[in-house]
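Chains as they are written, first to last, in the numbering used here: chain A, 1 to 184; chain B, 1 to 617; chain C, 1 to 321. The structure under discussion appears below in the form of structure tokens.
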Amino acid sequence: MKHEEWKKISRIMSKRSLWMVHFCTGCGAMEMPPVMTSRYDMERFGIFAMATPRQADVFLVTGYLAVKTLKRVVQVYEQMRDPKYVIGFGSCTINGGMYWDSYNTIKDLSKYIPVDVYIAGCMPRPEAIIDSFLKLMDMIDKGEAIGWQKYRKYYDQYKRNQKMAFEYRLDEVKPIKEDDKNES
Amino acid sequence: MLTEVLVSLLAGVFLVLALNKYPRVAGVVAFIISLLPFMAVLAWAGTMGITVPSYLKFFTLETSLTYNLGPGVIHLAITPLGWFFLMLLASVFPLTVMFANSFVKRNAGGFYAAMLLTMFGSFGLLLSQDILSFFIFWEIMSWSIFALVLRGHDRRAIVSYLAFGSLSAMLILFGFMMLYYKTNTFLFADMHLTATPLTLAALSLLVAGFAVKGALMPMHAWAPHAYSRSEEPFVAFLSGGLSKLGFFGIILFMYGVVGMSVISSWGTFRGVPWFGYALAVIGAFTAFAGTVLAVMQDDLRKLLAYSSIGQLGYIAIGIGIGTPLAMTGALFQALNHTFFKAVLFLAAGAVFYRTGKWKISELGGLGYKMPFTFLAALFAIFALAAIPITSGFAAKWLLYEAAIQKKFLFVTPIMLIAGVGAFLYAFKILYGVFLGEPRYDVKEAPLSQLIPMWLLVLPLVIFLVIPGWFVDITAPILRGYGMQPIQHTLFSINTGLATYNTLAVIFGMLGGLLVAFILYKWKKQEVVPHIDNYLAGEPPELYEHIGMHASSKYFEPFDEVFGPIFKKGAERGWEIVLSAAEILGTGARKIYTGIVGDYSIYVLLFFIILVGWWLLW
Amino acid sequence: MVMEIVDILEKILILAGMVTLGFAIGMLFNGIARKVSARIQNRVGPPVYQGFIDVFKLFGKKTNISHGWIFDLAALFSVSGIALAFLFLPVAGYSMLSTDGDLFLILYLLAIPALGFALGAGASGNPNAAVGVMRALMSMLAYELPLVMVMVAMMVYYNTTSLANIVAAQANMQWAFFIPIFFIGALVADMALQGMLMEKPFDIPIAPHEIATGPMVEFGGKHLGALMLYKMMGTVVETTLFVDLFLGGGVVLSVAQYGWLAYLVNFAVWFVLILIVFLIAVMIDNVLPRFRIEQALKFYWKYDALIAIFILIWIFAGVKI
């Protein structure tokens with residue numbers, strides 16, 4: 001078989017087996033139990049909650065992130081093995097949500113670690129969560145979920161932003177400047 | 001030539017004593033002299049039916065020799081049993097002396113002298129053919145061990161060794177006196193014993209006396225202290241080599257002097273003589289209790305000491321069952337234990353040499369710093385846990401088979417569960433000392449310590465591949481006791497119950513490893529330091545005070561369950577004996593009042609009894 | 001000479017095929033177990049081939065993080081050791097290497113992957129892994145006692161230690177399961193099997209919610225893939241051991257009489273039997289909480305071993321010397 005076909009099979013396999021580590025910081029974690037259990041049952045898509053970041057493929061950040069929690073999020077993200085995907089859960093990860101004017105809450109998660117899929121809402125319903133996973137699977141299949149490559153490529157920018165945040169200089173955090181073309 | 005070997009061993013003692021001021025020179029001299037017994041083993045190999053290439057034969061030795069020393073005659077001769085045990089001792093001995101060269105710093109000449117004297121005693125003991133010379137050499141060996149235990153400067157070890165050593169000597173002496181009273185001869189060959197209660201008493205006393213050296217429960221109380229408070233090269237020789245002399249004595253007197261037919265005529269239980277059955281049960285209890293106690297220890301040396309007690313219990317089981325299968329298993333276990341326990345004690349010594357720590361909870365992470373020590377210890381641990389990629393498995397397997405063959409329904413599960421217990425303390429050593437958090441930045445052990453360890457690993461590999469050769473080596477011993485050697489080819493053993501083919505295991509394992517390796521090397525990997533696990537990227541300075549190595553109180557639930565039952569059980573028993581002896585002693589002490597009048601009354605009473613006896617008789 | 005080499009090659013091919021089959025069945029069982037658990041919990045559950053997908057994905061991960069060569073030994077020893085243990089079992093009456101070894105060998109071969117795994121877990125240096133290994137070794141000590149007691153009783157009863165001979169003695173449907181005393185023995189051994197398979201209430205070593213999957217905590221990517229293979233194959237090996245001991249290895253037709261048809265039927269029966277044994281364990285797993293380690297030890301050594309001692313006494317009284 002050709003290299004491309006192997007890659008395709010490998011993508012199908014990794015999209016059907018997404019092992020997840022969920023970082024329960026905010027209130028959004030409340031929505032996870034229904035998603036895992038009988039009512040919505042995410043295991044039918046091959047999604048399985050794992051205990052440690054070393055074993056996981058998907059990182060689910062559920063809710064707002066204080067600067068102190070961001071430190072841990074970055075550590076967990078860096079411990080995960082490539083390819084790895086991040087789902088930002090709820091409005092707080094998109095623009096700070098109801099903590100938009102807080103002095104120690106980060107506003108946009110994608111400035112610190114690359115986020116593949118966002119779920120809007122405060123809080124999102126379990127259907128929305130499952131929909132986001134399906135979207136992620138679709139992206140993996142098409143080769144669009146390349147957040148982990150971006151993190152390697154723009155490592156300096158991400159590190160700089162993280163450093164700024166850790167020093168509470170949140171206004172100096174800049175959006176990640178991307179080149180025109182991304183390799184898939 | 002035999003005289004020259006003995007004399008040069010003895011002369012070596014004084015030579016190294018004289019060289020006390022130059023420890024390195026004394027070490028080299030001691031090493032050269034310590035090779036003599038091994039050369040003797042090679043020289044005698046021909047008479048045991050083993051062909052040795054001529055360049056390994058350094059001299060020829062007569063097979064028997066008699067010294068007429070006026071009052072007594074010393075008969076020395078090489079027997080298959082003596083040769084086998086001499087082989088074990090003589091192969092460990094030079095390597096421990098070599099290890100000592102870098103390890104023993106203080107009063108090295110004295111150390112080598114005592115070691116050589118111990119070997120001299122053992123050498124004579126294994127050759128002696130009469131009870132007089134046996135006892136003399138036994139005492140030489142015992143007292144030179146005492147000299148070495150003294151060097152540990154630990155009161156408990158010294159006192160317990162002295163007490164049990166004397167007890168052992170007394171028991172053996174009484175046994176010999178009974179044997180002499182019965183047969184009126186010193187020579188083993190001339191003792192044609194019959195099944196009388198006196199023989200039974202003599203044999204029981206002898207076995208109890210030898211059990212002290214073999215550390216069988218309840219005679220083991222000295223071993224944990226003496227093993228854990230002496231210098232490592234000596235302990236490696238004591239545990240690896242000298243402890244086998246107890247079993248040499250038991251086999252010699254049970255099967256050689258008294259004989260199977262006499263033992264059987266005291267009655268059998270389910271096809272096994274009562275005497276042997278009792279020994280097997282004691283052995284099984286020792287194996288289990290030793291293992292459980294080993295799991296609870298935190299001191300590396302104490303753990304190894306209790307593990308040694310447990311492993312020696314298996315030999316007693318084999319001797320007790322007494323079938324050809326069991327005897328082969330017991331001898332095989334003796335061989336394995338000699339080598340793997342010597343490696344483990346030497347590895348512990350090497351770890352101490354580099355880190356200066358004995359406690360498992362204070363060590364950790366040495367596997368990457370001392371990889372060769374780690375690998376040797378790993379292999380020895382595989383042999384100890386009877387993993388089938390070392391020869392350790394074949395010995396245990398033979399013993400299990402023998403027990404099943406004789407339908408030992410209750411002893412076999414105990415043996416098996418003791419084997420599982422061995423995994424527990426084996427992993428405690430591995431994890432606590434070699435794996436986990438790297439705590440010490442040390443170098444690999446010096447070459448003079450690594451070479452002995454790796455040479456001692458060698459037999460474990462050889463007899464893994466060709467267990468059939470081992471059966472051939474021990475065949476003369478079994479034939480001497482009227483047993484038929486078990487059915488075997490070079491690579492497989494057939495017990496009638498099942499077959500064990502090492503080639504299938506080895507090639508299966510190699511094939512599996514190959515496939516796993518290919519599967520494994522398919523993807524690249526990167527190595528990440530340990531600190532990343534513990535701290536997940538936090539600055540290490542923040543966490544300096546936290547120990548990340550979870551090895552202190554490692555088997556805490558185990559201690560909670562078994563601790564109340566087993567801890568100090570045997571020692572408490574001996575303490576009761578001790579206090580009883582103390583009460584008796586204080587009572588007897590009252591006779592000596594110090595008043596002259598009382599003593600004259602005693603003398604008068606004595607004469608009255610004597611005269612009365614004479615009149616009445 | 002050429003014929004001999006061809007013979008050996010043929011044997012190696014058959015063995016490799018059987019091991020592959022074993023791994024495949026193990027992966028399938030993983031999926032079935034998850035599906036059955038899901039149905040018990042009124043969920044849909046993943047597809048039955050989920051095990052294949054998971055393992056393939058793990059081996060396809062881009063970065064693999066190791067902690068040194070001792071850590072790597074875990075993957076090598078666990079996969080090769082469990083495959084070796086499988087080779088020494090008679091499968092559906094078909095003996096691969098089982099005439100070259102016996103029950104004791106299998107018991108000790110099962111320790112190779114376990115110790116290798118423990119070695120890797122210890123080398124990872126994570127305290128959770130060390131605690132997990134401690135629990136695994138303790139539960140091994142716990143369940144082995146009743147198990148070996150029943151095994152010893154069977155060995156004495158059949159007067160052989162070879163598993164192939166025990167299976168042969170149970171031919172013509174004279175399964176040990178139908179002998180009253182060994183029916184009790186089967187129940188005792190099934191309890192031990194629950195611990196061996198690390199299903200609840202004896203999933204103490206893994207305990208994802210307490211110690212983050214214990215020994216596996218630092219494993220990921222291909223390392224975890226190898227360990228998954230070990231665990232999946234382990235279910236096949238352990239259930240096959242149970243079926244060989246008590247259910248005649250699944251042999252219903254004699255090969256001498258029916259030829260290749262017998263192999264086919266026997267393999268099908270064997271597969272159904274190990275599936276049933278496995279599903280019983282999975283179902284118990286789904287309705288019980290977890291023991292603490294000393295509770296598990298006390299359970300096995302007090303109650304399970306007590307029944308096993310009764311069996312031993314029964315055999316002790318009944319066997320002629």
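Ideal Cβ positions, reconstructed from N, Cα and C, are used throughout, including at glycine.
Please state the DSSP three-state secondary structure of residue 68(B).
In the second sequence, counting from the first residue as 1, residue 68(B) sits at position 68. Strand at residue 68(B).
State the beta-bridge partners of residue 359(B) as determined by DSSP.
Here residue 359(B) corresponds to residue number 359 of the second sequence, with the count starting at 1. 299(B).
Got a sec, what are the start and stop residues for the alpha helix (DSSP H) residue 242(B) sits in?
Indexing the second sequence from 1 puts residue 242(B) at position 242. Counting along the chain, residue 242(B) sits inside no alpha helix (DSSP H), nor does DSSP assign it H or E at all.
Using 7 angstroms as the limit for Cβ to Cβ distance, is residue 440(B) near chain C?
As a working mapping, residue 440(B) is identified with position 440 in the second sequence. So, not an interface residue.
Kindly indicate which three-state DSSP category residue 19(A) falls into: helix, strand or coil?
By one-based count along the first sequence, residue 19(A) stands at place 19. Reduced to three states, the DSSP call for residue 19(A) is strand.
Beta carbons nearer than 9 angstroms to chain B: which residues of the stretch 97-118 of chain C have them?
97, 99, 100, 101, 102, 103, 104, 105, 107, 108, 109, 111, 112, 114, 115 and 118
Comparing the C-beta of residue 307(C) with each C-beta of chain A, is any distance below 7 angstroms?
Numbered from 1 along the third sequence, position 307 holds the residue referred to as residue 307(C). No, no contact with chain A.
Return yes when the Cβ of residue 347(B) is within less than 7 angstroms of the Cβ of residue 394(B), no when it is not.
Locating residue 394(B) in the second sequence gives position 394, counting from the first residue. Locating residue 347(B) in the second sequence gives position 347, counting from the first residue. For the 7 angstroms CB-CB criterion, residue 394(B) and residue 347(B) do not form a contact.
Residue 131(A) CB to nearest chain C CB: under 7 angstroms?
Residue 131(A) sits at position 131 when you count from the first residue of the first sequence. No - not a single Cβ of chain C is within 7 angstroms of the one on residue 131(A).
If the cut-off is 7 angstroms on Cβ atoms, which residues from the stretch 184-214 of chain C count as contacting chain B, listed in chain order?
none
Could you check whether the Cβ of residue 155(C) sits closer than 7 angstroms to any Cβ belonging to chain B?
On the third sequence, position 155 is the one that residue 155(C) refers to. At least one CB of chain B lies nearer than 7 angstroms to the CB of residue 155(C).
What residue does the alpha helix (DSSP H) around residue 615(B) start on, and which one ends it?
To locate residue 615(B), count along the second sequence from 1; it is residue 615. Segment 596-616, the alpha helix (DSSP H) holding residue 615(B).
Would you say residue 43(C) faces chain A, with C-beta separation under 7 angstroms as the test?
The residue labelled residue 43(C) in the question sits at position 43 within the third sequence. At a cut-off of 7 angstroms between beta carbons, residue 43(C) contacts chain A.
Can you give, in chain order, each stretch of the beta strand (DSSP E) that sits fully within the stretch 10-75 of chain B and has at least 3 residues?
Whole beta strand (DSSP E) segments, 3+ residues: 64-69.
Between the alpha carbons of residue 202(C) and residue 296(C), how many angstroms are there, rounded?
Taking the first residue of the third sequence as 1, we reach residue 202(C) at position 202. Taking the first residue of the third sequence as 1, we reach residue 296(C) at position 296. Each residue's Cα considered, the two are about 7 angstroms apart.
Taking its Cβ as the centre, do 16 or more other Cβ atoms sit within 10 Å of residue 24(A), making it buried, or is it exposed?
Within the first sequence, residue 24(A) is the residue found at index 24, counting from 1. Residue 24(A) comes out exposed.
What's the call for residue 33(A), buried or exposed, on a 16-neighbour Cβ count within 10 Å?
Translated into the one-based positions of the first sequence, residue 33(A) becomes position 33. The residue in question, residue 33(A), is exposed, as its Cβ has fewer than 16 Cβ neighbours within 10 Å.
For residue 315(C), which residues in chain B fall below 8 angstroms Cβ to Cβ?
Here residue 315(C) corresponds to residue number 315 of the third sequence, with the count starting at 1. Within chain B, the residues near residue 315(C) are 409.
Can you list, in chain order, the residues of its chain whose CB lies under 6 angstroms from that of residue 26(B), leaving out five sequence neighbours each side?
To locate residue 26(B), count along the second sequence from 1; it is residue 26. 16, 19, 108, 109 and 112, listed in sequence order.
By how many angstroms is the C-alpha of residue 230(B) removed from the C-alpha of residue 227(C)?
Position 227 of the third sequence holds residue 227(C). Position 230 of the second sequence holds residue 230(B). Answer to the nearest angstrom: the Cα atoms are 42 angstroms apart.
Figure out for me which residue from 161(A), 119(A) and 127(A) has the closest Cα to the Cα of residue 172(A).
Within the first sequence, numbered from 1, the residue matching residue 172(A) stands at position 172. When each option's Cα is compared against that of residue 172(A), the closest is 161(A).
Would you call the CB atoms of residue 306(B) and residue 226(B) closer than 7 angstroms?
Against the second sequence, residue 306(B) aligns to sequence position 306. Against the second sequence, residue 226(B) aligns to sequence position 226. Not a contact, by the Cβ cut-off of 7 angstroms.
For residue 52(A), decide whether its Cβ has a neighbour in chain C, counting only Cβ atoms nearer than 7 angstroms.
Residue numbering aside, residue 52(A) sits at position 52 when the first sequence is read from its first letter. By the rule that beta-carbons nearer than 7 angstroms mark a contact, residue 52(A) touches chain C.
Examine chain A for any beta-carbon lying closer than 7 angstroms to the beta-carbon of residue 53(C), and answer yes or no.
Counting from 1 along the third sequence, the entry for residue 53(C) is found at position 53. So, interface residue.
Where does residue 85(A) fall in DSSP's three states?
The residue labelled residue 85(A) in the question sits at position 85 within the first sequence. Of the three classes helix, strand and coil, the one that applies to residue 85(A) here is strand, per DSSP.
Using CA atoms only, rank isn't needed, just tell me which of 291(B), 2(B) and 10(B) is closest to residue 44(B).
On the second sequence, residue 44(B) is found 44 positions in, with the first residue counted as 1. Nearest option by C-alpha distance: 2(B).
Can you tell me whether residue 184(A) is helix, strand or coil according to DSSP?
Reading the first sequence from its first residue, position 184 is the one you call residue 184(A). Low confidence applies to residue 184(A): its pLDDT is 45, below 50, so where it sits in the model is not reliable, and the reading given next is rough at best. The answer is coil: DSSP assigns residue 184(A) none of H, G, I, E or B.
For residue 79(A), which option in 83(C), 217(C) and 152(C) has the closest C-alpha, if you only look at C-alpha atoms?
Here the question's residue 79(A) lines up with position 79 in the first sequence. That would be 217(C), whose Cα lies nearest to the Cα of residue 79(A).
List the residues of chain C whose Cβ lies closer than 7 angstroms to the Cβ of residue 46(A), in chain order.
Walking along the first sequence from the start, residue 46(A) turns up at place 46. Result: 46, 50 and 53.
According to the Cβ coordinates, are residue 292(B) and residue 562(B) closer than 7 angstroms?
Here residue 292(B) corresponds to residue number 292 of the second sequence, with the count starting at 1. Here residue 562(B) corresponds to residue number 562 of the second sequence, with the count starting at 1. Closer than 7 angstroms, so yes.
Would residue 116(C) and residue 74(C) qualify as a contact pair, given that the criterion is a beta-carbon distance under 7 angstroms?
In the third sequence, counting from the first residue as 1, residue 116(C) sits at position 116. In the third sequence, counting from the first residue as 1, residue 74(C) sits at position 74. By the CB criterion at 7 angstroms, residue 116(C) and residue 74(C) fall inside the cutoff.
Determine, for residue 240(C), whether the minimum Cβ-Cβ distance to residues of chain E falls below 7 angstroms.
Checking the listed chains, one finds no chain E in this structure; the protein chains it contains are A, B and C.
Going by alpha carbons, who is nearest to residue 133(C) out of 424(B), 60(B) and 373(B)?
Position 133 of the third sequence, counting from 1, holds the residue named residue 133(C). Nearest option by C-alpha distance: 424(B).
Beta carbons nearer than 9 angstroms to chain C: which residues of the stretch 365-399 of chain B have them?
Of all residues in the stretch 365-399 of chain B, 365, 367, 368, 371, 374, 378, 381, 382, 385, 386, 387, 388, 389, 393, 396 and 397 have a Cβ within less than 9 angstroms of some Cβ in chain C.
Taking residue 407(B) as the reference, give the member of 277(B), 85(B), 386(B) and 319(B) with the closest Cα.
Locating residue 407(B) in the second sequence gives position 407, counting from the first residue. Here the closest residue by C-alpha is 277(B).
Should residue 57(C) be flagged as near chain A, meaning a C-beta pair shorter than 7 angstroms?
For this step, residue 57(C) is matched to residue 57 along the third sequence. Judged by the 7 angstroms Cβ criterion, residue 57(C) is in contact with chain A.
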